[in-house]
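Numbering (this note's numbering), first residue to last: -10 to 463. Note that CB positions come from ideal geometry on N, CA and C, so glycine has one too. Contents: one structure, followed by commentary.
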Amino acid sequence: MSETSAEQRSAKERRRVVGATIVGTTIEWYDFFIYANAAGLVFNQLFFAEVGGTIGQILTFLTVGISFLFRPLGAALVGHYGDRLGRKLMLVITLVLMGAATTLIGVLPTYEDVGIVAPILLILLRILQGISAGGEWGGAVLMAVEYAPVNKRGRYGMFPQLGVPIGMLLATGVLALMSGVISPGEAFNEWGWRVPFLLSIVLVVVGFIVRQSVEESPVFTEMKETGNRIKMPIVELFRKHWKLVILLALVFAGNNAAGYMITGGFILNYSTNPEGLLAMDRTSVLNAVTIAAAMWFVSTLVSGYLADRIGRKNTYIIGFLWMALFAFPLFWFVNTGDLLWLTVGMVIFAVGLGLTYGPQAAWYAETFPASVRTSGVSISYALGAILGGAFAPTIAAALVAQFGTTQAVSQYLLVMILISLSAVLVLRDRRGIPLDVGFEESGRYHLFDPDRLPTETSAIMVEYYGADELTKLR
């Protein structure tokens, strides 16, 4: 086969991988956000009606958070077997698990039907969602980044990240359609909320077919062919790289806490609660969240290209500074009770969300060596989700209940953002580091440090990529 034919085949395979990762993550996060938004809208009435009021809402948001506690389990399982058996197999398994759990939520009896059994079943299915979500992300982003040209890892890694705002767009769009058009008012509480969950089964079938069509990651294929696979990747990860795991978890915590103010149902519940201060129209606020998700999509898209041009670290710094600047104005806009200003506040804030989410895949993948990469990125992501988004809506609801104002919520957000920014400043940007297992075994992995060892790093990049490619990376 000619060199041109090989390049064309490689480009075609890369496009297929990008498509498979973005479709899969979209489905995973559609499922996740359907739950978060339904929790903010109706689950307190359907599954925690006996408690009611603020306590019932806090318990409802706890079911959103409890799944995060099981993300590390999913990350550990998928990380271990992803480094042992392959990235592709794990992607298919997590997709099916998430889809099954979501569909079953759509047929659950409510508290009125079976009493305490209803919330128990809801929590069990939510745990399955958490296990799936914990494992999905690491495998998806590694497939994208490990297939990418070295000078385009930021934009290739950005594509599976786009599945999150796309999933949010689908989730809020379907919910708005059901609550405002197909099943408005009481009909939504009675049966309309179930339809978005049941639609998941259709999406899963599509995602399964697409993901089955891609080849295994070239990095894992090399590991398999050479037999260079560690028996216990997680043990090795925490023995040698535990500091990186902690720092990357802290990086994600601020983004996740901020994101779940919008995507986790808190602002949706706070602004539409009929017993609250604003009591805004449910469908209108869902439409506003959908518009904010569209901006999140755009800024995530831009950030992938920006990460390749100015670096992952610099892109993150800009994003976190942006969110810190608007941590207080976000709720000033929301508290006007005006739909236009609420939308403007969320849209502006979503710019920072995208800038601190798009570069994540490339930076995380470039931080860990090949033999523990799936475990490293998956566990760091899962731990960051617990520290950040797991209980952010619950904490926000409790703060408003305690102080009677969203000022405390903004202060909480600002603290989380500054913690993440501090972690970003400590971490190295290893843009362009060779990802193959051969480089890891060469003993030069720790010499690749553009900030502190520029000469050694440049020599490695010239050897691996050539002088022309090095110019592109700079």
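Cβ-Cβ distance between residue i and residue j below 8 Å
i	j	result
residue 29	residue 255	yes
residue 292	residue 243	no
residue 121	residue 264	no
residue 374	residue 250	no
residue 19	residue 192	yes
residue 14	residue 175	no
residue 59	residue 128	no
residue 289	residue 346	yes
residue 410	residue 309	yes
residue 333	residue 178	no
residue 247	residue 405	yes
residue 152	residue 57	no
residue 117	residue 90	yes
residue 143	residue 296	yes
residue 436	residue 422	no
residue 88	residue 189	yes
residue 114	residue 86	no
residue 368	residue 64	yes
residue 438	residue 444	no
One or two residues paired with residue i in a DSSP bridge
i	result
residue 442	438
Close Cβ partners of residue i (< 7 Å) along its chain, the five nearest in sequence each way excluded
i	result
residue 54	379, 380, 383
residue 7	133, 145, 148
residue 95	183, 186, 187
residue 66	124
residue 169	272
residue 26	160, 161, 164, 254, 257
residue 330	322
residue 408	239, 242, 243
residue 336	280, 281, 284
residue 351	134, 142, 143, 146, 296, 301
residue 229	none
residue 231	none
Proximal residues to residue i (C-beta, below 6 Å), its chain only, five neighbours per side dropped
i	result
residue 399	316, 317, 320
residue 165	272, 275, 276
residue 261	269, 271, 274
residue 285	154, 339, 342, 343
residue 196	12, 13, 16, 84
residue 312	247, 341, 406
residue 388	397, 398
residue 104	none
residue 181	167, 172
residue -9	Since pLDDT at residue -9 reaches only 35, below the 50 mark, its modelled position is unreliable, and the value read off the structure follows with that caveat. Once the five neighbours on either side are set aside, residue -9 has no close Cβ partner at all.
residue 294	144
Close beta carbons around residue i, own chain, < 8 Å, minus the five adjacent residues each side
i	result
residue 112	52, 55
residue 23	91, 160, 163, 164, 185, 186, 189
residue 287	343
residue 442	436
Rounded distance between the beta-carbons of residue j and residue i, thought under 8 Å
i	j	result
residue 167	residue 194	In fact, because the Cβ distance is near 21 Å, the residues do not count as touching under 8 Å.
residue 234	residue 372	7 Å
residue 130	residue 366	7 Å
residue 349	residue 34	That belief does not hold up - the Cβ atoms of residue 349 and residue 34 are roughly 36 Å apart, past 8 Å.
residue 239	residue 376	7 Å
residue 358	residue 453	The pair is not a contact, with the Cβ atoms about 15 Å apart (cut-off 8 Å).
8 Å Cβ cutoff, residue i in contact with chain B
i	result
residue 288	Within the model displayed, chain B is absent; a lone protein chain is all it includes.
Given 8 Å, three or more beta-carbon pairs between the region 320 to 339 and the region 254 to 272 | With a cut-off of 8 Å, the region 254 to 272 and the region 320 to 339 count as touching, because enough Cβ pairs lie within range.
Check whether the region 264 to 283 touches the region 147 to 160, taking contact to mean three or more Cβ pairs, one atom from each stretch, closer than 8 Å.
-> yes
Touching or not, the region 63 to 70 and the region 78 to 88, by the rule of three or more beta carbon pairs under 8 Å?
-> yes
At a cut of 8 Å, does the region 2 to 22 reach the region 131 to 144 through at least three beta carbon pairs?
-> yes
Counting Cβ pairs closer than 8 Å, one from the region 400 to 420 and one from the region 296 to 305, do we hit at least three?
-> yes
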